[in-house]
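S.K.: Can you read through this structure? Questions will come right after.
4 protein chains.
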Amino acid sequence: MSKAIAIIAGVGPGTGAEIAKRFAASYPVVLLARNPSNFEPTAEEINKSGGRAIGISTDVSSQDSLKAAFSKIEQEFSGAPIAAAIFNASSRPMRKPILEFSVEDFETAHGVVAKGAFMFAQHVLPGLVLHASDSSAKYPPTLIFTGATASIKANAQMSVFASAKFAMRALSMSIAREYAPQGVHVAHSIVDGVIDIELTKEWTQGMAPEAKIAADDIAESYWYLHTQSKRCFTNEIDIRPMMEKW
Amino acid sequence: MSKAIAIIAGVGPGTGAEIAKRFAASYPVVLLARNPSNFEPTAEEINKSGGRAIGISTDVSSQDSLKAAFSKIEQEFSGAPIAAAIFNASSRPMRKPILEFSVEDFETAHGVVAKGAFMFAQHVLPGLVLHASDSSAKYPPTLIFTGATASIKANAQMSVFASAKFAMRALSMSIAREYAPQGVHVAHSIVDGVIDIELTKEWTQGMAPEAKIAADDIAESYWYLHTQSKRCFTNEIDIRPMMEKW
Amino acid sequence: MSKAIAIIAGVGPGTGAEIAKRFAASYPVVLLARNPSNFEPTAEEINKSGGRAIGISTDVSSQDSLKAAFSKIEQEFSGAPIAAAIFNASSRPMRKPILEFSVEDFETAHGVVAKGAFMFAQHVLPGLVLHASDSSAKYPPTLIFTGATASIKANAQMSVFASAKFAMRALSMSIAREYAPQGVHVAHSIVDGVIDIELTKEWTQGMAPEAKIAADDIAESYWYLHTQSKRCFTNEIDIRPMMEKW
Amino acid sequence: MSKAIAIIAGVGPGTGAEIAKRFAASYPVVLLARNPSNFEPTAEEINKSGGRAIGISTDVSSQDSLKAAFSKIEQEFSGAPIAAAIFNASSRPMRKPILEFSVEDFETAHGVVAKGAFMFAQHVLPGLVLHASDSSAKYPPTLIFTGATASIKANAQMSVFASAKFAMRALSMSIAREYAPQGVHVAHSIVDGVIDIELTKEWTQGMAPEAKIAADDIAESYWYLHTQSKRCFTNEIDIRPMMEKW
């Protein structure tokens, strides 16, 4: 059987990049992001340090774009089982009165977070099942979805983002139940707090480091989930920094 | 101020019809359903028995169709506040392996249950707020979404329906929080069980009546929610027949 | 069969009194509270206005006291089925660091809210089942537990109260599942907000009426739950005033 | 500062023993169980293989017994901070109709699972806080409670056990919120399934290994939780074997 790969959708500077690097220590990784500038530095870093990474410009909300990406993955890693697939893509958590959202806002957010997650899952599940059948595989194949506070609590003015994140959580739960008997480990993470990345630096000035989530620690938690045995699957974790109020 | 109306989306024989009749005892009602044969008998029954009902053929998943419906409502009931708006539309709870669902299946279900609910809410909220400002109104304006077991539990092979229903529940919660301070009562109902309607008759043969939910009792529960005061809003109820396992 | 009665545990000025009066419109009522001064005015009011009420000084956390109360109920209403039993007793929602709570604090709170609810349920269930078998009964027998925000969210410094309230919610859910097939309707209410009673008047000065829950509206919601048919049981409702943040 | 220790309450053959051995690889461990025969083999195994373990016969439901145990711990490890404290004690998950439970059954279960957890937390929190202040500590101090399916779902005939487990989960959540800002990591695990131990062997004959949870994998998950940084605390995980239906 071909060497198993890991696929990470939603690789920007921050969580996606850290996840990619963490999994690249064990698997060739495929990085999906719409904008190549988002995955290029990470792919380069991985390739330079002895790992193997390819980036594919992909719009996960587009059926055609996803299809093209997976064709390319098949070209590069023909017949490769998938050891891990991480759906880390997201829309922005826009906060505004429901009457100020356009239907396009709704479609954009749901296109990525709900429909995108659904289509991504459909693309990776066969490769994950294939990995489950590989008796030499070290860890069970793992599919992880990155959620947020809004995955379990729909605050005022968060109608669009929260409804999309709730939908993604349901997908994760349903697929977890459908595929666990086949040995595929599906998990959902509730990232509850601000992640400490370039993007959040400006508006978190003055915040203690312990008030923000470390992206590499999220990556470590995903790696831990991946290493769980078939006799101990965790299907949901929450993640928050020590200073978080919740 | 014009006399307040009630709008029910998703009126077929069964729950929608019972809700329409219940609210028609107090308000002129507007019945929305794609197929006129679904609302016609109910509208006729209401009009014959001294109430007032109009039906409008509407596809709640279509922005244009909804817009046209609300234009017609405005023509018929110009400037009327909305005392109650019930989103009872749904897709079928299809159960199949995720790999057998098409992207169209996903879009159809989410188009009605998630996006449809979102757009419906946008259309009715101004009229609900208007009713909240009417000091002579007997009850606070009420927006109710009909959920299902799948709104809180995503079983295997229910990925499409459950993700749409989770999304709708988030919408309900977020809007409830945003609009409660304006006096609009938003509630979500988790209908957990088989409703006793024509459609379910065949495949529930032999089931005791107490194993199925009575549609008119659902309507009564919605009416009760509508009558709650501003000092006692219930934002979520579950509903099941006594014989239900859950 | 004897005329059915209603039993309300935890009758002080406020919610308990309103519940008692609401149910007294249809049933003789038994009011339980530790301190007679808590139930006497309500019992008197009911008896004067044509209803029938007896109060029994009872410590619901004491096995002996509860036993004595139910002996007295049996004396007064021999063989009477129970149409409704409301467990509205509670400890104070003390807020302090866990290290400042004594084991006695824990035992006191749990003695009322958890063990008290358990023992109360054991005492009323046979009478509720009896009522379920009465084909002339207008409504299914109903057992309702009054919960709080702390029933579903355990905030910092609320360890004692929240753990007791979580326990009570579990009791309600388990009994609901066990007794629904016998026609007994069990429900839990999450009262999320400040109730507008004498006790809260001082520390809610300046708060709008719509920021507090009306006790008589809670009573009305309990009555509604009681009137639900066997084909439409609601097992959990939440209740909050329109101005509540949650 | 003295070398930090780990304390595990509820050490029988199975999960407790595996947790003890896992943490013994890094810390001297204290094993608490009522019956010395439960912790002796594990203590011996740890001591023989180069670790350090002491067992103390303790009834966690008894204030005096717990006090005595912690006095002994203080004697043995004077002033030692606590790196990890695991509350793994439990009552049996008895399943019977609520009317068949005695008040003693209720008190026994709640005495261990609810009150025991509360008192244990009070005893270990100062030592955990002490460890949080040790800048040379490798990992944040961790307090973990072992829950079960019944911690989040109260099935019929599970009134006693579920209410106790719900209470424990509330304790965990409340303490997590209170102590996170001090750097203490509190987590609750929902062990959802049959653990593969001697005790369950007989009644799980014929079950596939993948239908049972591996005790050492639970231990590994607890160790992982312990290693999480202050910038990535997980407060709840669920654990189930791949063949579990849920």
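Chains as they are written, first to last, in the working numbering: chain A, 1 to 246; chain B, 247 to 492; chain C, 493 to 738; chain D, 739 to 984. Glycine is no exception: its CB is placed at the ideal position from the N, C-alpha and C atoms.
1) On the CB-based measure, 16 or more other CB atoms within 10 Å of its CB, does SER873/D come out buried or exposed?
2) For the stretch 37 to 61 of chain A, list every residue whose C-beta sits within 8 angstroms of some C-beta in chain D, in sequence order.
3) Would you say THR142/A and HIS185/A are within 7 angstroms of each other, going by their C-beta atoms?
4) If I measure Cβ to Cβ from ALA215/A and keep anything under 8 angstroms in the same chain, skipping five residues before and after, which residues do I get?
5) Give, in chain order, every residue of the stretch 695 to 718 of chain C whose Cβ lies closer than 8 angstroms to some Cβ of chain B.
6) Measuring only between beta-carbons, confirm whether LYS245/A sits less than 7 angstroms from chain B.
7) With distances taken Cα to Cα, identify the nearest neighbour of GLY51/A among ARG34/A, VAL29/A, ALA132/A.
8) Can you tell me whether DSSP reads ARG240/A as helix, strand or coil?
9) Would you mind telling me which residues of chain A sit closer than 8 angstroms to ILE975/D, beta carbon to beta carbon, in chain order?
10) Please list the partners that GLN122/A has in chain B, where partner means a Cβ-to-Cβ separation under 7 angstroms.
11) In whole angstroms, give me the CA-to-CA distance for GLY79/A and GLY127/A.
12) Determine the extent of the beta strand (DSSP E) in which PHE352/B is found, giving its start and end residues.
13) For the stretch 72 to 146 of chain A, which segments carrying the alpha helix (DSSP H) assignment without a break, of at least 4 residues, lie completely within its bounds, in sequence order?
14) When the distance is taken between beta carbons, is MET896/D closer than 7 angstroms to ALA888/D?
15) My output table needs one value for VAL922/D: the three-state DSSP class, helix, strand or coil.
16) Taking 7 angstroms as the cut-off, decide whether the C-beta atoms of THR392/B and ASN334/B are in contact.
17) Ignore the nearest five residues each way along the sequence and tell me which others in PHE856/D's own chain have a CB closer than 8 angstroms to its CB.
18) Please confirm if SER897/D has its CB atom under 7 angstroms from at least one CB of chain C.
19) Tell me whether GLY16/A sits in a helix, a strand or coil according to DSSP, three-state version.
20) Counting only beta-carbon atoms, is PHE118/A nearer than 7 angstroms to chain B?
21) Can you name, in chain order, every residue of its own chain whose Cβ lies under 6 angstroms from the Cβ of ARG280/B, other than the five neighbours on each side?
22) If you measure between the beta carbons of ILE743/D and ALA762/D, is that distance less than 7 angstroms?
23) If I'm right that ALA781/D touches LEU769/D with Cβ under 8 angstroms, what's the distance once you round it to whole angstroms?
24) Can you tell which of ALA601/C, PRO585/C, LYS607/C, GLU596/C has its C-alpha closest to the C-alpha of THR846/D?
25) Would you verify that the beta carbon of LYS891/D is, or is not, closer than 7 angstroms to some beta carbon of chain A?
26) Return the chain-ordered list of same chain residues with a C-beta closer than 6 angstroms to the C-beta of ILE729/C, the five sequence neighbours on each side being excluded.
27) Is the CB-CB distance between GLN674/C and ALA613/C below 7 angstroms?
28) With a Cβ-Cβ cutoff of 7 angstroms, do ILE578/C and ILE500/C count as a contact?
29) For GLY698/C versus GLU736/C, is the C-beta spacing smaller than 7 angstroms?
30) Determine, for MET1/A, whether the minimum Cβ-Cβ distance to residues of chain D falls below 7 angstroms.
31) Just to confirm before moving on: does the CB-CB distance between VAL113/A and ALA164/A stay below 7 angstroms?
32) Evaluate SER283/B with the Cβ neighbour count: other Cβ atoms within 10 Å of its Cβ, from every protein chain shown; 16 or more gives buried, anything less gives exposed.
33) Is ASP802/D buried or exposed, if buried means 16 or more other CB atoms sit within 10 Å of its CB?
34) Let me check understanding here. Comparing Cα to Cα, which of PRO41/A, HIS110/A, ILE73/A, TYR179/A lies closest to ILE144/A?
35) Using three-state DSSP, classify SER740/D as helix, strand or coil.
36) Would a C-beta distance cut-off of 7 angstroms place VAL503/C and PHE593/C closer than the cut-off?
M.R.: In this structure, then:
1) That one is exposed.
2) none
3) The answer is yes: Cβ separation under 7 angstroms.
4) Result list for ALA215/A: GLY14, THR15, ALA17, GLU18, ILE195, ASP196, ILE197, in chain order.
5) PRO701, GLU702, LYS704, ILE705, ALA706, ASP709, ILE710, GLU712, SER713, TYR716
6) no
7) VAL29/A
8) Residue state, collapsed to three classes: strand.
9) THR234, GLU236, ILE237
10) ILE344, LEU345
11) 8 angstroms
12) For PHE352/B, there is no enclosing beta strand (DSSP E); the enclosing alpha helix (DSSP H) has its first and last residue at 349 to 356.
13) 103 to 110, 117 to 132
14) Their beta carbons are under 7 angstroms apart, which means ALA888/D touches MET896/D by this criterion.
15) coil
16) Going by C-beta atoms, THR392/B is nearer than 7 angstroms to ASN334/B.
17) LEU909
18) yes
19) helix
20) Chain B, which has a Cβ nearer than 7 angstroms to the Cβ of PHE118/A, makes this yes.
21) Cβ within range, chain order: ASP305.
22) Taking 7 angstroms as the cut-off, the beta carbon of ILE743/D is found no closer than this to the beta carbon of ALA762/D.
23) 6 angstroms
24) LYS607/C
25) Closer than 7 angstroms to the CB of LYS891/D there is not a single CB belonging to chain A.
26) SER681
27) Cβ atoms of GLN674/C and ALA613/C: not closer than 7 angstroms.
28) It is a contact, given that the beta carbons lie within the stated cut-off.
29) no
30) No - not a single Cβ of chain D is within 7 angstroms of the one on MET1/A.
31) yes
32) exposed
33) exposed
34) TYR179/A
35) coil
36) A distance of 7 angstroms or more separates the beta carbons of VAL503/C and PHE593/C.
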